[in-house]
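Colleague: Taking the working numbering, the leading residue of the sequence shown gets 84, the next gets one more, and so forth. Where is the CB? At the ideal position from N, CA and C, for every residue including glycine. A single structure is presented below for examination.
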Amino acid sequence: IPRSKTSSQRLPIREGKSVAVLPFTNMSGSKEDEYFSDGIMEDILTQLSKINDLRVISRTSVMKYKDAQRSIRDIAGELGVGVILEGSVRRAGNRVRIVAQLINAETDEHVWAETYDREMKDIFAIQSDVALQIATSLKATLSPVEKERIEKKGTENLDAYTFYLKGRDYYYRYKMDDNEKAIELFKKALELDSIYTSALAGLGDAYAQRVGRFGMDAAWLDSSMAMSQRAILLDPNLAEGYKALGVALVHRGQFRKALEQYHEAVRLNPGFAAAVTNIASLYTWLGQFDEALPWIKKSLALDPTRTFGYRVLGISYTGLLLDSLAVVSFEKALELQPGFSVVHADLIKLYIMQGNFAKADSHIAPLLQKFPNDRVILTAAGDVALTQGDFSNAQAYYQKAIDVSSVEAGPSTELAYTHLKKGQRTEAWKLLDTMQEIYQSQLESGTDEFDAAYYLARVHAIRNRKNDALAMLELAIEAGWRHYRWTIIDPLLENIRREQRFQTMIDRMKTSVDIMRSRIQSAS
C-alpha cells in the first residue's frame, strides 16, 4: 500500500509479466475517429486481461495518459509495470494500419514491435495477434482455453462493431445524455447483428446506469438483466455479460447474487478490473473486511490511480480498527482526488470515533468554505457538531444539506433528532414518519444492504420504541453491519444504549471484527 503523501509517488517497476496498454494515437486525421483508436486499445487490453499469468493495468488508469507528454519510464513507475504497449491507428476506407510496440520501461528498448496493414475485416485477428505476441514476449503461460477466448470474434459485422465502439465511447462519459446515446448505438449494433453479445452486455450496463447513476425508474433494471442474461445465454464465456448482470443486481440490493456474477466474470477474465473492484466493494459493504482486503489490493494493482479503491481500502481498515492504515488510505484517495467529499466524510467519521474532535473540527472547517453547498460535507459538519452536543449548529448544517438535496437523500433522521432535542416535536415527528416509510419500503424490497435496517433502528430509537429499534439493529448486523465503534457513540441510538441486548450485539460485532483482524494479521 503506497504510504507517500506526494502525488508524484512512483510504484516499484514490476519485473516480468505486468503491462500497461496506453491509448493508441489516432492517425486518421479526424477527431471523430478517436473512438476507434481508443476502442482498439481497449479491446487489446481486454484480450490481454484474459491471461491469468499477466497483470494488465485497467482502462481507467491508462486513459489518464491519453495525450500526456510523459516518458515511458515515468508512466511505468506510476503504474508499477515492467513494460508498456503503445501504438497508433490509421483507418482509411476499408483498410486499417495499426503500429504496436512493446517497450521495456527500465531500458526503453523494444521488446516486440509490429506493423499491421490490413483490410478492416481483419481487425479482430490483429487484436488477437497483438495479445498473443505480447504474451509470448513476456513468456506468459497461456492455456488453450485462454487462447481460444482471445481468438474468438465478437461479430462478423464490421458496421455493428463500429456502432458498438461508438456506444462504448459514449457510455464511458458517464453523463445522462451520453448514456442515452450509448443505448441508441448499442441498439443499432444489435439491429445489424442480433446475437452480438458484447453489444447486449453494453446495453445491459447502460440500462443499469440509467438507474444507478441517473436515478431513473428501477424498472429499467429488468431490461438490464434481460439484456445481460441473453448475452450470457448466447455466450456463457462472456465476462462482460456477468459483470453487467452483477451491476443490475447490486442496484436491486441483491449483493450476494451480484457477487456470484462478478466472481464468474473474474474466473473468465482474471484481469477484469471493474469486476475485481466490484467484488472488493461488495465484501466491504457486507462487512466481510478480511475477504475484501485481498480483492481491494488486487483492484489497486490493476487500477492504481483509481480513487475509489483507496476509499474502500480505508473503510475496510476502519472496520478492522487498523486506524493508521485507514488514514493513509483515505489520504491517498484525497491526493488523487482532493474534492472527493465522501472520503473527507469517511475520515471525519473516523476522527469522531476516535474521540479526536480537534482533528474533526480542523478538517471540516476549510471544507465548508470550499464546498458550502456539498450535501456530504454539510452532513459531516452536522455529525461533528451533533457528537459534541451542539444541536443548534448540527441542525443548521443538516437543514442546509437537505435544502441542497432532498428530504429523501439528506440527513433527515439526524435533523429530526435535533428538532426533538430543541423541543420542536411537530417537525421531528413529521420527518420521522417520512423516513420510517422510506426505510420500511427499502427493507421490504428484499435488499441485502444493512443501511435500511440500521437507519430504521435509529428512527425507532428516537421514538423510544426500544424493542423495534433493537430488532432492526439485529437485522442490520445480520446483513453485515460491523462498525460497532460508531454504534456505541451514535447519538440517535441513545435510548437503547443501556439495554442488555444492545451490549450483547456490540460484543458480537466486536468478536467478529477481532476474528477478521486476526486473520488479516496472521496472513501478512
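#1: Does the beta-carbon distance from A540 to A559 come in below 8 angstroms?
#2: Report the start-end ranges of each beta strand (DSSP E) in the segment 415–486 that is 3 residues or longer and not cut off at the edges.
#3: Mapping the DSSP letters down to three states, classify Q184 as helix, strand or coil.
#4: Quick one: Cα of L317 to Cα of L304, how far?
#5: Output yes or no for whether 8 angstroms exceeds the beta carbon distance between V395 and S424.
#6: From the DSSP output, in three-state form, read off H543 for me.
#7: So A358 and D386 are in contact, right, with Cβ under 8 angstroms, and what is the actual spacing, rounded?
#8: Using CA coordinates, which residue listed in N135, R138, G165 and R173 is at the minimum distance from E115?
#9: Taking DSSP's pairing of strands, which residues face I167 in a bridge?
#10: Does the pairing of the segment 306–313 with the segment 280–297 give three or more beta-carbon distances under 8 angstroms?
#11: Output yes or no for whether 8 angstroms exceeds the beta carbon distance between P106 and K133.
#12: How long is the line joining the alpha carbons of R232 and L131, rounded to whole angstroms?
#13: Grouping DSSP H, G and I as helix and E and B as strand, with all else coil, what is N109?
#14: Could you tell me how far apart the beta carbons of F474 and K513 are, in whole angstroms, since I believe they sit closer than 8 angstroms?
#15: If you compare alpha carbons, which of R339, G163 and T388 is closest to Y366?
#16: Report the option in Q371, V426, A443 and Q586 whose CA atom is closest to the CA atom of Y434.
#17: If you follow the alpha helix (DSSP H) that E229 is part of, which residue opens it and which one closes it?
#18: Just to confirm, is the Cβ distance from G329 to I315 under 8 angstroms?
#19: Is W195 helix, strand or coil by DSSP?
#20: Between which two residues does the alpha helix (DSSP H) carrying P377 extend?
#21: Using the C-alpha atoms, what's the distance from A477 back to A484?
#22: Count the other CB atoms, across all protein chains shown, that sit within 10 Å of the CB of V228; report buried if there are 16 or more and exposed otherwise.
#23: Going by the beta-carbon positions, is the gap between V182 and S171 smaller than 8 angstroms?
#24: Which residue or residues does DSSP assign as beta-bridge partners of E497?
#25: Count the other CB atoms, across all protein chains shown, that sit within 10 Å of the CB of T594; report buried if there are 16 or more and exposed otherwise.
#26: Report all residues from its chain with a CB closer than 6 angstroms to the CB of T280; omit the five preceding and five following residues, and keep chain order.
#27: Would you identify the three-state DSSP class for V490, choosing helix, strand or coil?
#28: Within 10 Å of its beta-carbon, does K88 have 16 or more other beta-carbons around it, so buried, or fewer, so exposed?
#29: Report the rounded CA-to-CA distance for D212 versus D486, giving the unit in angstroms.
#30: Quick check on D590: buried or exposed, where buried means 16 or more other Cβ atoms within 10 Å of its Cβ?
#31: Relative to the C-alpha of D242, which candidate in G354, T219 and F269 has its C-alpha closest?
#32: So K264 is in the alpha helix (DSSP H); what residue range does that whole segment cover?
#33: Comparing alpha-carbon positions, which option in L215, R256 and S277 lies nearest E239?
#34: Taking the alpha carbon of I167 as the point to measure from, which residue in K147, G402, G176 and V139 has its own alpha carbon closest?
#35: Please list, in chain order, all residues of the same chain as L248 whose beta carbon is under 7 angstroms from its beta carbon, the five residues on each side excluded.
#36: So, for K236: in the same chain, excluding its five sequence neighbours on each side, which residues have a beta-carbon less than 6 angstroms away from its beta-carbon?
Modeller: Let me lay it out:
#1: Yes, Cβ-Cβ distance for A540 and A559 is below 8 angstroms.
#2: Counting only runs of 3+ residues, no beta strand (DSSP E) is found wholly inside the segment 415–486.
#3: Strand.
#4: Counting only the Cα atoms, L304 lies some 20 angstroms from L317.
#5: No. Outside cutoff.
#6: Look at H543 here: in three-state DSSP terms it is helix.
#7: Incorrect: roughly 11 angstroms between the Cβ atoms, too far for contact.
#8: If we check each option's Cα against that of E115, R173 comes out closest.
#9: Looking at the DSSP output, I167 shares a beta bridge with A103 and I186.
#10: Yes: the two stretches touch, three or more of their Cβ pairs being nearer than 8 angstroms.
#11: The answer is no: Cβ separation not under 8 angstroms.
#12: So the two alpha carbons sit approximately 11 angstroms from each other.
#13: Three-state result, N109: strand.
#14: Not really, about 18 angstroms apart at Cβ, beyond 8 angstroms.
#15: Relative to Y366, the option among R339, G163 and T388 whose CA is nearest is R339.
#16: For Y434, the nearest C-alpha among the options comes from A443.
#17: Membership of E229 in the alpha helix (DSSP H) is indicated by the continuous run P227 to E234.
#18: No, these two residues do not count as a Cβ contact at 8 angstroms.
#19: Reduced to three states, the DSSP call for W195 is strand.
#20: P377 -> alpha helix (DSSP H) spans F372 to L385.
#21: Linking A484 to A477 through their CA atoms gives a straight-line distance of about 11 angstroms.
#22: Burial call: exposed.
#23: Yes, these two residues count as a Cβ contact at 8 angstroms.
#24: Per DSSP, E497 has no beta-bridge partner at all.
#25: So T594 counts as exposed.
#26: Cβ contact annotation for T280 (same chain, cutoff 6 angstroms, sequence separation greater than five): A314, L317, D318 and L321, in chain order.
#27: V490: coil per DSSP, three-state reduction.
#28: Because the pLDDT of K88 is 28, which lies under 50, any placement of that residue in the model is unreliable, and the number read from its coordinates should be weighed accordingly. Exposed, because fewer than 16 other Cβ atoms sit within 10 Å of the Cβ of K88.
#29: Whole-angstrom Cα-Cα distance: 56 angstroms.
#30: When all chains shown are included, D590 counts as exposed.
#31: D242 has its Cα closest to that of F269, out of G354, T219 and F269.
#32: Taken as a continuous stretch (DSSP letters only), the alpha helix (DSSP H) holding K264 covers M259 to L275.
#33: That would be S277, whose Cα lies nearest to the Cα of E239.
#34: Comparing Cα positions, the closest option is V139.
#35: For L248, where only same-chain residues beyond five positions count, the Cβ hits under 7 angstroms are Y118, F119 and G122.
#36: Excluding sequence neighbours, K236 sits near F207.
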